[in-house]
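A.B. asks:
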Amino acid sequence: MKSMSFLSSIKNRIEILFTSVPLFLSFVFGILISWIFKNNLTLVFLRGKSFSGRSLFYQLGIFLFYTLIFTILLFVLFFIIQKILSKKPQKVIKKLNNLYNNSKQDDEQRIFTALLVLGVGFACVFLINNILSTINITNWSYVKPEVVPGMSPVGFDFRIGSYETAFNLVESNYKQIRADGSYSSIYPPFVAITNIPYLLFNENTAYLWHIGLLFLANFVCMALVSLMVKEFILSNLGWEKTYITAIVTFLFFTLLIYTSSSYSFIFSVERGNADIFAILFALLAVWSLLKKPDSIWLQVILLSVATHLKIYPAVLFLLLLMKHGKKLILPAVTLNLFFLFILGPKMALSFLQTLTSGSGVGAGIGNKWTWVGNHSAYSFADTLALGSANYSSNLYVLWGIFTLIPILLWGIASIKLINKEYSPQKAILFLMVSILLMDLIPTVSMDYKLVILSPAALLLIAYIIKQTMLKPGLLGYFQLAVVITILLFIGRPYTMSEFDPYGLKSSASYFINNKYLWSLALEFVIVWNIFSVYNPKNFIKPK
Numbered sequence: 001m002k003s004m005s006f007l008s009s010i011k012n013r014i015e016i017l018f019t020s021v022p023l024f025l026s027f028v029f030g031i032l033i034s035w036i037f038k039n040n041l042t043l044v045f046l047r048g049k050s051f052s053g054r055s056l057f058y059q060l061g062i063f064l065f066y067t068l069i070f071t072i073l074l075f076v077l078f079f080i081i082q083k084i085l086s087k088k089p090q091k092v093i094k095k096l097n098n099l100y101n102n103s104k105q106d107d108e109q110r111i112f113t114a115l116l117v118l119g120v121g122f123a124c125v126f127l128i129n130n131i132l133s134t135i136n137i138t139n140w141s142y143v144k145p146e147v148v149p150g151m152s153p154v155g156f157d158f159r160i161g162s163y164e165t166a167f168n169l170v171e172s173n174y175k176q177i178r179a180d181g182s183y184s185s186i187y188p189p190f191v192a193i194t195n196i197p198y199l200l201f202n203e204n205t206a207y208l209w210h211i212g213l214l215f216l217a218n219f220v221c222m223a224l225v226s227l228m229v230k231e232f233i234l235s236n237l238g239w240e241k242t243y244i245t246a247i248v249t250f251l252f253f254t255l256l257i258y259t260s261s262s263y264s265f266i267f268s269v270e271r272g273n274a275d276i277f278a279i280l281f282a283l284l285a286v287w288s289l290l291k292k293p294d295s296i297w298l299q300v301i302l303l304s305v306a307t308h309l310k311i312y313p314a315v316l317f318l319l320l321l322m323k324h325g326k327k328l329i330l331p332a333v334t335l336n337l338f339f340l341f342i343l344g345p346k347m348a349l350s351f352l353q354t355l356t357s358g359s360g361v362g363a364g365i366g367n368k369w370t371w372v373g374n375h376s377a378y379s380f381a382d383t384l385a386l387g388s389a390n391y392s393s394n395l396y397v398l399w400g401i402f403t404l405i406p407i408l409l410w411g412i413a414s415i416k417l418i419n420k421e422y423s424p425q426k427a428i429l430f431l432m433v434s435i436l437l438m439d440l441i442p443t444v445s446m447d448y449k450l451v452i453l454s455p456a457a458l459l460l461i462a463y464i465i466k467q468t469m470l471k472p473g474l475l476g477y478f479q480l481a482v483v484i485t486i487l488l489f490i491g492r493p494y495t496m497s498e499f500d501p502y503g504l505k506s507s508a509s510y511f512i513n514n515k516y517l518w519s520l521a522l523e524f525v526i527v528w529n530i531f532s533v534y535n536p537k538n539f540i541k542p543k
């Protein structure tokens with residue numbers, strides 16, 4: 001009976017594995033093989049134009065067909081292997097029997113499968129984005145990939161937007177940030193104050209320090225959300241702490257490696273961008289809310305710093321309002337007015353004027369920042385409206401549509417989370433969906449800003465894994481595959497034109513290379529999870 005029980009259990013485990021992992025692996029490798037050999041297969045089986053020479057509609061259809069065929073073939077291969085391996089000799093059966101008797105619960109099988117899906121998936125992401133991009137399959141030669149449109153000197157945004165403004169501020173006795181007296185910056189006045197410590201070094205050395213701080217900030221951001229996962233998402237599953245720590249550590253390093261090897265991180269280093277600093281302080285504010293929920297001044301200080309670094313974290317004040325109510329008004333208004341007027345009313349008003357201006361470096365309507373590497377709703381709409389007969393009217397209509405979609409997704413999720421009393425799980429879910437809003441709504445969202453999505457992605461993956469433990473089935477593994485696919489395209493550089501580094505290659509699709517749709521897709525998955533998966537009984541209360 002014991003042997004029969006074991007064989008029955010083995011059969012069940014095999015059924016679980018071969019209806020989840022092999023299907024996922026078949027799909028992933030089907031995509032990979034189709035992508036590598038798409039040109040060769042098209043030339044062999046289809047007459048006329050090559051794959052890259054066909055329209056987007058035909059490219060998509062052909063690629064999906066290749067993927068379907070290879071997925072089916074690989075799945076059949078896995079099925080045959082499973083049938084062969086299922087006929088085990090008695091000696092192997094005994095070893096498996098000992099392994100089975102020493103195992104704990106079925107949830108270990110599920111967590112192993114989920115982590116295997118993640119490991120293989122992100123390995124494929126790295127292979128496609130960082131390895132295969134260096135191989136020219138037309139003449140089979142190694143090519144140096146052009147990841148970002150480089151500028152000289154490197155760190156241009158840091159030098160102009162951070163170091164130079166701090167230098168001019170000190171030289172003018174805190175009266176101006178530009179030598180000509182203008183406020184040609186879309187950064188709040190507080191930013192110039194925070195950059196003064198860089199003046200301890202020369203410009204080049206300061207940039208190197210800035211690179212180190214960028215990596216450290218990404219590291220700390222991933223560490224903070226990993227702690228949220230450990231203490232507020234996985235803690236009530238009844239597992240040993242060491243087991244949970246191992247899972248969280250795996251997630252932390254997987255997403256950290258993904259982020260640090262992504263196009264957006266490399267772009268942020270090349271320009272010296274500082275969006276990750278704003279998210280760091282926003283995460284610190286939420287962490288303070290989770291661990292010290294009554295420390296309202298600490299939370300407001302941290303979130304106000306984040307807001308006056310990049311403005312968009314201000315949306316998280318709704319979270320503090322949900323927790324503290326009217327008590328939030330005094331510290332929030334006091335601190336934000338202090339930061340806004342820290343260099344005087346003239347600087348504050350000049351900043352607001354520049355920010356809303358559509359000329360110069362402004363970020364208002366008509367700004368000059370539209371290109372394939374700007375994935376904001378405004379830039380996406382502006383690109384689609386360009387060349388049309390009624391450019392202005394089409395721009396306003398499209399901008400309204402592409403702005404309204406992420407706002408509606410965020411809004412319906414927020415209503416579900418805010419309609420009842422505050423709880424830590426609601427705070428984390430609100431943070432997760434709000435990060436996507438921060439990414440898409442500003443009129444300027446360069447691709448180096450995509451690094452702020454990694455904390456949200458880690459939280460989402462943790463929630464999916466938890467629900468996979470609580471509700472066994474294929475849905476969790478499918479969601480992981482979807483998230484990995486989205487992150488594949490988010491972390492992938494756009495196909496650069498050989499004539500203009502800021503332009504898109506003529507044969508490349510704007511819809512695939514621009515990150516607006518992929519960021520929106522990630523927001524959709526998050527909102528879907530909030531509505532379809534969220535159950536307050538599955539989470540813990542603050543300690």
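The numbers in the sequence shown follow the numbering used here, run straight up by one, and end at 543. All C-beta atoms, glycine included, are put in the ideal place defined by N, C-alpha and C.
Taking all protein chains shown into account, do 16 or more other C-beta atoms lie within 10 angstroms of the C-beta of aspartate 500, making it buried, or fewer, making it exposed?
C.D. replies: Counting from 1 along the sequence shown, the entry for residue 500 is found at position 500. Classification of aspartate 500: exposed, given that the 10 Å Cβ count is below 16.
A.B. asks: Roughly how many angstroms lie between the CA atoms of leucine 99 and isoleucine 33, to the nearest whole one?
C.D. replies: On the sequence shown, position 99 is the one that residue 99 refers to. On the sequence shown, position 33 is the one that residue 33 refers to. Legend: pLDDT at leucine 99 = 41, less than 50; position of this residue unreliable, value from coordinates given subsequently. Using only the alpha carbons, I get a separation of about 35 Å.
A.B. asks: Note down, one range per segment and in chain order, each alpha helix (DSSP H) of at least 4 residues found wholly within the stretch 251–299.
C.D. replies: If we require 4 residues or more, the alpha helix (DSSP H) runs fully inside the stretch 251–299 come out as 263–271 and 275–291.
A.B. asks: Given phenylalanine 51, which residues of its chain have a CB within under 7 Å of its CB, disregarding the five upstream and five downstream residues?
C.D. replies: On the sequence shown, residue 51 is found 51 positions in, with the first residue counted as 1. So the list reads Lys38, Asn39, Thr42, Gln59 and Ile62, once near-sequence residues are dropped.
A.B. asks: According to the Cβ coordinates, are serine 226 and leucine 251 closer than 8 Å?
C.D. replies: Position 226 of the sequence shown holds residue 226. Position 251 of the sequence shown holds residue 251. In this structure, leucine 251 lies closer than 8 Å to serine 226 by Cβ.
A.B. asks: Could you check the C-alpha separation between glycine 325 and alanine 481 for me, to the nearest Å?
C.D. replies: For the purposes of this step, residue 325 is taken as the residue at position 325 of the sequence shown. For the purposes of this step, residue 481 is taken as the residue at position 481 of the sequence shown. Whole-angstrom Cα-Cα distance: 40 Å.
A.B. asks: Runs of 4 residues minimum, wholly inside the stretch 382–417: which ones carry the alpha helix (DSSP H) assignment?
C.D. replies: Whole alpha helix (DSSP H) segments, 4+ residues: zero.
A.B. asks: Using only the alpha-carbon positions, how far apart do serine 388 and asparagine 394 sit?
C.D. replies: Reading the sequence shown from its first residue, position 388 is the one you call residue 388. Reading the sequence shown from its first residue, position 394 is the one you call residue 394. Taking the straight line from one Cα to the other gives about 8 Å.
A.B. asks: Given a threshold of 16 other Cβ atoms within 10 Å of its Cβ, counted over all protein chains shown, does glycine 121 qualify as buried or as exposed?
C.D. replies: As a first step, residue 121 must be located in the sequence shown, where it is residue number 121. Its Cβ being crowded by 16 or more others within 10 Å, glycine 121 is buried.
A.B. asks: Any idea what DSSP makes of asparagine 548, helix, strand or coil?
C.D. replies: Residue 548 lies beyond the residue range present for the chain, which begins at 1 and ends at 543; the question has no answer from this structure.
A.B. asks: I think proline 189 touches leucine 355, with their Cβ atoms under 8 Å apart; what is that distance to the nearest whole Å?
C.D. replies: Numbered from 1 along the sequence shown, position 189 holds the residue referred to as residue 189. Numbered from 1 along the sequence shown, position 355 holds the residue referred to as residue 355. So it is not a contact: roughly 11 Å between Cβ atoms.
A.B. asks: Are there 16 or more other CB atoms within 10 angstroms of the CB of glutamine 105, so buried, or fewer, so exposed?
C.D. replies: Position 105 of the sequence shown holds residue 105. Only weak support exists for where glutamine 105 lies, its pLDDT of 46 falling under 50; the value from the coordinates is given anyway. Exposed, by the Cβ-count rule.
A.B. asks: Tell me, please, whether the CB atom of isoleucine 365 is closer than 8 Å to any CB atom in chain D?
C.D. replies: Considering every chain present, this structure includes no chain D. It has just one protein chain.
A.B. asks: Could you say which of Leu237, Ser261, Gly366 and Thr334 lies nearest to leucine 450 if we only look at CA atoms?
C.D. replies: As a working note, residue 450 is residue 450 in the sequence shown. Per the Cα distances, Ser261.
A.B. asks: Would you kindly work out how many angstroms separate the C-alpha atoms of glutamate 523 and aspartate 439, rounded to a whole number?
C.D. replies: The residue labelled residue 523 in the question sits at position 523 within the sequence shown. The residue labelled residue 439 in the question sits at position 439 within the sequence shown. Going from the Cα of glutamate 523 to the Cα of aspartate 439 covers about 10 Å.
A.B. asks: Can you tell me whether asparagine 101 is buried or exposed, with buried defined as 16 or more other CB within 10 angstroms of its CB?
C.D. replies: For the purposes of this step, residue 101 is taken as the residue at position 101 of the sequence shown. Unreliable placement is indicated for asparagine 101, whose pLDDT of 43 sits below 50; no coordinate value is reported for it.
A.B. asks: Taking a contact to mean a Cβ-Cβ separation below 8 Å, would you say serine 264 touches tyrosine 448 in this structure?
C.D. replies: Mapped onto the sequence shown, residue 264 falls at position 264. Mapped onto the sequence shown, residue 448 falls at position 448. It is a contact, given that the beta carbons lie within the stated cut-off.
A.B. asks: Please classify alanine 179 as buried or exposed, where buried requires at least 16 other C-beta atoms within 10 Å of its C-beta.
C.D. replies: Your numbering for residue 179 matches position 179 in the sequence shown. So alanine 179 ends up on the exposed side.
A.B. asks: Near isoleucine 490, what residues of its chain come up, given a Cβ to Cβ distance below 8 Å and the 5 sequence neighbours on each side ignored?
C.D. replies: For the purposes of this step, residue 490 is taken as residue 490 along the sequence shown, with counting starting at 1. Contacts found: Ser262, Ser264, Leu450, Leu453, Lys515, Trp518, Ser519 and Leu522.
A.B. asks: Consult DSSP for serine 434 and reduce its assignment to one of helix, strand or coil.
C.D. replies: By one-based count along the sequence shown, residue 434 stands at place 434. DSSP places serine 434 in helix when its eight states are reduced to three.
A.B. asks: Is it the case that the Cβ atoms of tyrosine 502 and proline 153 are separated by a distance below 8 Å?
C.D. replies: Counting from one through the sequence shown, the residue named residue 502 turns up at place 502. Counting from one through the sequence shown, the residue named residue 153 turns up at place 153. No, Cβ-Cβ distance for tyrosine 502 and proline 153 is not below 8 Å.
A.B. asks: Answer with buried or exposed for phenylalanine 531, where buried requires no fewer than 16 other C-beta atoms within 10 angstroms of its C-beta.
C.D. replies: Sequence index remark: in the sequence shown, residue 531 carries index 531 (1-based). Flag for phenylalanine 531 reads exposed.
A.B. asks: Can you list, in chain order, the residues of its chain whose CB lies under 8 Å from that of valine 315, leaving out five sequence neighbours each side?
C.D. replies: Taking the sequence shown and counting its residues from 1, one reaches residue 315 at position 315. Once the five neighbours on either side are set aside, the close Cβ partners of valine 315 are Ser434, Leu437 and Met438.
A.B. asks: Starting from leucine 224, trace the alpha helix (DSSP H) both ways and give me its first and last residue.
C.D. replies: Position 224 of the sequence shown holds residue 224. Taken as a continuous stretch (DSSP letters only), the alpha helix (DSSP H) holding leucine 224 covers 203–228.
A.B. asks: Within its chain, find whatever has a CB closer than 6 Å to the CB of tyrosine 298; leave out the 5 residues flanking it on each side and keep chain order.
C.D. replies: Your numbering for residue 298 matches position 298 in the sequence shown. Note that residue 298 is leucine in the sequence shown here, rather than tyrosine. Around leucine 298: Ser288.
A.B. asks: Helix or strand or just coil, what does DSSP make of valine 527?
C.D. replies: Position 527 of the sequence shown, counting from 1, holds the residue named residue 527. Helix.
A.B. asks: Between the stretch 162–177 and the stretch 117–132, are three or more C-beta pairs nearer than 8 Å?
C.D. replies: Touching, no.
A.B. asks: Round the Cβ separation of valine 191 and leucine 309 to the nearest angstrom and send it over; I've been treating them as touching at under 8 Å.
C.D. replies: For this step, residue 191 is matched to residue 191 along the sequence shown. For this step, residue 309 is matched to residue 309 along the sequence shown. The pair is a contact, with the Cβ atoms about 6 Å apart (cut-off 8 Å).
A.B. asks: Is the separation between the beta-carbon of alanine 169 and that of isoleucine 160 shorter than 8 Å?
C.D. replies: For the purposes of this step, residue 169 is taken as residue 169 along the sequence shown, with counting starting at 1. For the purposes of this step, residue 160 is taken as residue 160 along the sequence shown, with counting starting at 1. Reading the sequence as shown, one finds leucine at residue 169 and not alanine. Result no, Cβ atoms of leucine 169 and isoleucine 160 do not sit closer than 8 Å.
A.B. asks: Here's a check: name, in chain order, each residue in its chain whose Cβ is nearer than 7 Å to the Cβ of alanine 306, leaving out the five neighbours to either side.
C.D. replies: Counting from 1 along the sequence shown, the entry for residue 306 is found at position 306. Around alanine 306: Ala278, Phe281, Ala282, Ala285 and Pro313.
A.B. asks: Using a 10 Å radius around the Cβ and a threshold of 16 neighbouring Cβ atoms, would you call lysine 292 buried or exposed?
C.D. replies: The sequence position of residue 292 within the sequence shown is 292, counting from 1. So lysine 292 counts as exposed.
A.B. asks: What does the Cβ neighbour count give for threonine 383, buried or exposed, with the cut at 16 atoms within 10 Å?
C.D. replies: Locating residue 383 in the sequence shown gives position 383, where the first residue counts as 1. So threonine 383 ends up on the buried side.
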